[in-house]
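Colleague: Protein chains in written order, with numbering that gives the first Met the number 0: chain A, 0 to 50; chain B, 0 to 241. A virtual CB, placed ideally from N, CA and C, is assigned to each residue, including glycine. One structure follows; several queries about it will come next.
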Amino acid sequence: MTKILMDFLNMGGYGFYVWSAYGCMFAFLLSQWFLPWRRWQKYLREQKNKP
Amino acid sequence: MWHLFNSLVSPKKFFGLSNRLLPWLSALFVLTFSYGMLGGLVLAPADYLQGDGFRIIYVHAPCAFLSLFIYAVMATAAVAGIVWRIKLAFLVMRHSAPIGAGFTLLALVTGSLWGKPMWGTWWIWDARLTSELILLFLYIGIMLFQSAMSQKQVGGRATAILVLVGFVDIPIIHYSVYWWNTLHQGSTLKVFAPSAIDSSMLYPLLAMIVAFLTYYAIVLFLRMSYELTALDANHHWIRETR
Numbered sequence: 000m001t002k003i004l005m006d007f008l009n010m011g012g013y014g015f016y017v018w019s020a021y022g023c024m025f026a027f028l029l030s031q032w033f034l035p036w037r038r039w040q041k042y043l044r045e046q047k048n049k050p
Numbered sequence: 000m001w002h003l004f005n006s007l008v009s010p011k012k013f014f015g016l017s018n019r020l021l022p023w024l025s026a027l028f029v030l031t032f033s034y035g036m037l038g039g040l041v042l043a044p045a046d047y048l049q050g051d052g053f054r055i056i057y058v059h060a061p062c063a064f065l066s067l068f069i070y071a072v073m074a075t076a077a078v079a080g081i082v083w084r085i086k087l088a089f090l091v092m093r094h095s096a097p098i099g100a101g102f103t104l105l106a107l108v109t110g111s112l113w114g115k116p117m118w119g120t121w122w123i124w125d126a127r128l129t130s131e132l133i134l135l136f137l138y139i140g141i142m143l144f145q146s147a148m149s150q151k152q153v154g155g156r157a158t159a160i161l162v163l164v165g166f167v168d169i170p171i172i173h174y175s176v177y178w179w180n181t182l183h184q185g186s187t188l189k190v191f192a193p194s195a196i197d198s199s200m201l202y203p204l205l206a207m208i209v210a211f212l213t214y215y216a217i218v219l220f221l222r223m224s225y226e227l228t229a230l231d232a233n234h235h236w237i238r239e240t241r
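Written as structure tokens, this is what we have:
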């Protein structure tokens, strides 16, 4: 079981390159979505609290 | 048709539309993205030449495609904004630029991470890579230019002209692998001919492209509805819809 997982993570010796590429993508997708979303939520909260 | 365009520019209508569409788009994104990830990392067999290193294609190719696609959307919006004076068009153009810049940067970074093990170098001044780098500079230039414009209406038109001038780079990027001798491989996906890879490798790639396209739509809607509602005016109806 551990061997299968290690083989998967190793990616036939290309592990570093493959996982860095996928990691960059995840970081980018999360941040591009999260920043406008947080700004939007903040605005909605402010609108609700307005008298 | 004119009425449809005008109604879309109304913040309230656009807000309603994007609110209705966002759950569907998010569901489509989660579906295609998880299938693309699973297919790309697990189901697709290793390449006969590049081994498991080829799996970077599932990140790199969709990013590169999006970097060109978003610029094409911006150019279309620029024409629509200049010719028909649609307010929404400049909004699409303005909010697409940062997303496009991000995808271009990601395409360059992942390409670099792919180039090191396969070509033996992180970077080379070859036609495809250089023209893509110019695209990144164009995006950054457009973003800086529009932030330097204080008047929105004039700024939108001026930025639109800059976008149209920069469009010349798009066909250069696309055809660079055919026009010049380059290290970069040719296109994998072809519209008018069978693709260059097996279907077990192809479907996850198509799924990733669809996922990134929906992602672009989601972020664009989020950004646009924020600007239309929060920045343009203080609308009372927003409290009623929540």
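Gly50/B bridges to which residues according to DSSP?
Modeller: Position 51 of the second sequence, counting from 1, holds the residue named residue 50/B. Paired residues: Asp46/B.
Colleague: At a Cβ cut of 9 Å, what residues of the segment 1 to 14 of chain A count as close to chain B, listed as they run along the chain?
Modeller: Per Cβ criterion, the list reads Phe7, Asn9, Met10, Gly11, Gly12, Tyr13, Gly14.
Colleague: Short of 7 Å in beta carbon distance, which residues of its chain neighbour Thr181/B, apart from the five on each side in sequence? Order them along the chain.
Modeller: As a first step, residue 181/B is located in the second sequence; it is residue number 182 there, counting from the start. Taken in chain order, the residues that qualify are Asp125, Ala126, Arg127, Ser175.
Colleague: In the DSSP assignment, find the alpha helix (DSSP H) that holds Gly11/A and state where it starts and stops.
Modeller: In the first sequence, counting from the first residue as 1, residue 11/A sits at position 12. It is not in any alpha helix (DSSP H) - Gly11/A carries neither H nor E in the DSSP assignment.
Colleague: Let me see if you follow: with CB-CB separation under 8 Å, is Arg37/A close to chain B or not?
Modeller: Residue mapping note: residue 37/A aligns to position 38 of the first sequence, counting from 1. No, Arg37/A lies away from the interface with chain B (no Cβ there is under 8 Å from its Cβ).
Colleague: With H, G and I counted as helix, E and B as strand and the rest as coil, what does DSSP make of Asp168/B?
Modeller: Here residue 168/B refers to the residue found at position 169 of the second sequence. The answer is helix: DSSP assigns Asp168/B an H, G or I state.
Colleague: Quick one: is Ser30/A buried, meaning 16 or more other Cβ sit within 10 Å of its Cβ, or exposed?
Modeller: What you label residue 30/A is simply residue 31 of the first sequence in a count that begins at 1. That one is exposed.
Colleague: Among the residues of its own chain, which have a CB less than 7 Å from the CB of Tyr57/B, if the five just before and after it don't count?
Modeller: Taking the second sequence and counting its residues from 1, the one referred to as residue 57/B is at position 58. Hits under 7 Å: Gly35, Gly39, Pro203, Leu204, Met207.
Colleague: In chain B, which residues lie less than 8 Å from Leu28/A when you measure between Cβ atoms?
Modeller: The residue given as residue 28/A occupies position 29 in the first sequence. The answer, in chain order, is Tyr214.
Colleague: Under 7 Å Cβ-Cβ, which residues of chain A neighbour Ile98/B?
Modeller: Here residue 98/B corresponds to residue number 99 of the second sequence, with the count starting at 1. The contacting residues are Gln31.
Colleague: Does Tyr70/B come within less than 8 Å of chain A when only Cβ atoms are used?
Modeller: Along the second sequence, read from residue 1 onward, the residue named residue 70/B stands at position 71. No, because no Cβ of chain A sits closer than 8 Å to the Cβ of Tyr70/B.
Colleague: Going by Cα to Cα distance, which pick from His94/B, Met142/B, Gly99/B, Gly114/B is closest to Arg222/B?
Modeller: By one-based count along the second sequence, residue 222/B stands at place 223. It is His94/B.
Colleague: Which bits of chain A does Val58/B rub up against, with CB to CB less than 7 Å?
Modeller: As a position in the second sequence, residue 58/B is number 59, starting the count at 1. What Val58/B touches in chain A: Ala20, Tyr21, Met24.
Colleague: Could you give the DSSP three-state label for Thr129/B: helix, strand or coil?
Modeller: The residue you call residue 129/B lines up with position 130 of the second sequence. Of the three classes helix, strand and coil, the one that applies to Thr129/B here is helix, per DSSP.
Colleague: Just verifying my parser: in three-state terms, what is the DSSP assignment at Met148/B?
Modeller: The count along the second sequence starts at 1 and reaches residue 148/B at position 149. Met148/B falls in the coil class under three-state DSSP.
Colleague: Can you round the beta-carbon distance between Trp39/A and Ile217/B to whole angstroms, since I take them to be within the 8 Å contact cut?
Modeller: The residue you call residue 39/A lines up with position 40 of the first sequence. The residue you call residue 217/B lines up with position 218 of the second sequence. Incorrect: roughly 12 Å between the Cβ atoms, too far for contact.
Colleague: Looking at chain A, is there any beta carbon in it that lies within less than 8 Å of the beta carbon of Thr244/B?
Modeller: Only positions 0 to 241 of chain B appear in the structure, and residue 244/B is not among them; the question remains open.
Colleague: For His173/B, which residues of its own chain have a beta-carbon under 8 Å away from its beta-carbon, when the five flanking residues on both sides are left out?
Modeller: By 1-based counting over the second sequence, the position of residue 173/B is 174. If we look at His173/B and ignore the five residues flanking it on each side, its Cβ neighbours are Leu67.
Colleague: Check whether chain A comes within 8 Å of Trp118/B, counting only Cβ atoms and requiring the distance to be less than that.
Modeller: Within the second sequence, residue 118/B is the residue found at index 119, counting from 1. Trp118/B does not count as touching chain A.
Colleague: Quick check: Gly96/B and Met142/B, are their CB atoms within less than 8 Å of each other?
Modeller: Walking along the second sequence from the start, residue 96/B turns up at place 97. Walking along the second sequence from the start, residue 142/B turns up at place 143. Per the sequence presented here, residue 96/B reads as Ala, with Gly not at that position. For Ala96/B and Met142/B, yes; Cβs fall inside 8 Å.
Colleague: Could you tell me whether any Cβ in chain A is nearer than 8 Å to the Cβ of Trp122/B?
Modeller: Taking the second sequence and counting its residues from 1, the one referred to as residue 122/B is at position 123. No - not a single Cβ of chain A is within 8 Å of the one on Trp122/B.
Colleague: What residue from Leu16/B, Lys11/B, Phe89/B, Pro44/B has the CA that sits closest to Thr158/B's CA?
Modeller: If you number the second sequence from 1, residue 158/B lands on position 159. Checked all of Leu16/B, Lys11/B, Phe89/B, Pro44/B; the closest Cα to Thr158/B is Phe89/B.
Colleague: Is any beta-carbon of chain A found at less than 8 Å from that of Trp113/B?
Modeller: Residue 113/B sits at position 114 when you count from the first residue of the second sequence. Yes, Trp113/B lies at the interface with chain A (some Cβ there is under 8 Å from its Cβ).
Colleague: What residue range is occupied by the uninterrupted alpha helix (DSSP H) comprising Thr75/B?
Modeller: Residue mapping note: residue 75/B aligns to position 76 of the second sequence, counting from 1. Its alpha helix (DSSP H) spans residues 56 to 82.
Colleague: Would you decide whether Val91/B is buried or exposed? Buried here means 16 or more other CB atoms lie within 10 Å of its CB.
Modeller: On the second sequence, residue 91/B is found 92 positions in, with the first residue counted as 1. Burial call: buried.
Colleague: In chain order, what residues of the same chain lie with their CB nearer than 8 Å to the CB of Val17/A, ignoring the 5 residues before and after it?
Modeller: The sequence position of residue 17/A within the first sequence is 18, counting from 1. Excluding sequence neighbours, Val17/A sits near Met10.
Colleague: Given a threshold of 16 other Cβ atoms within 10 Å of its Cβ, counted over all protein chains shown, does Ala43/B qualify as buried or as exposed?
Modeller: Along the second sequence, read from residue 1 onward, the residue named residue 43/B stands at position 44. Its Cβ being crowded by 16 or more others within 10 Å, Ala43/B is buried.
Colleague: Any contact between the segment 47 to 62 of chain B and the segment 107 to 120 of chain B? By contact I mean 3 or more CB pairs, one from each, below 8 Å.
Modeller: The answer is yes - the segment 107 to 120 of chain B touches the segment 47 to 62 of chain B, with three or more Cβ pairs under 8 Å.
Colleague: On the CB-based measure, 16 or more other CB atoms within 10 Å of its CB, does Arg84/B come out buried or exposed?
Modeller: Indexing the second sequence from 1 puts residue 84/B at position 85. Exposed.
Colleague: Shorter than 8 Å from the beta carbon of Ile169/B to some beta carbon of chain A?
Modeller: Counting from one through the second sequence, the residue named residue 169/B turns up at place 170. No, Ile169/B lies away from the interface with chain A (no Cβ there is under 8 Å from its Cβ).
Colleague: At least one CB of chain A closer than 8 Å to the CB of Val218/B: is that the case?
Modeller: The residue given as residue 218/B occupies position 219 in the second sequence. Yes - at least one Cβ of chain A is within 8 Å of the one on Val218/B.
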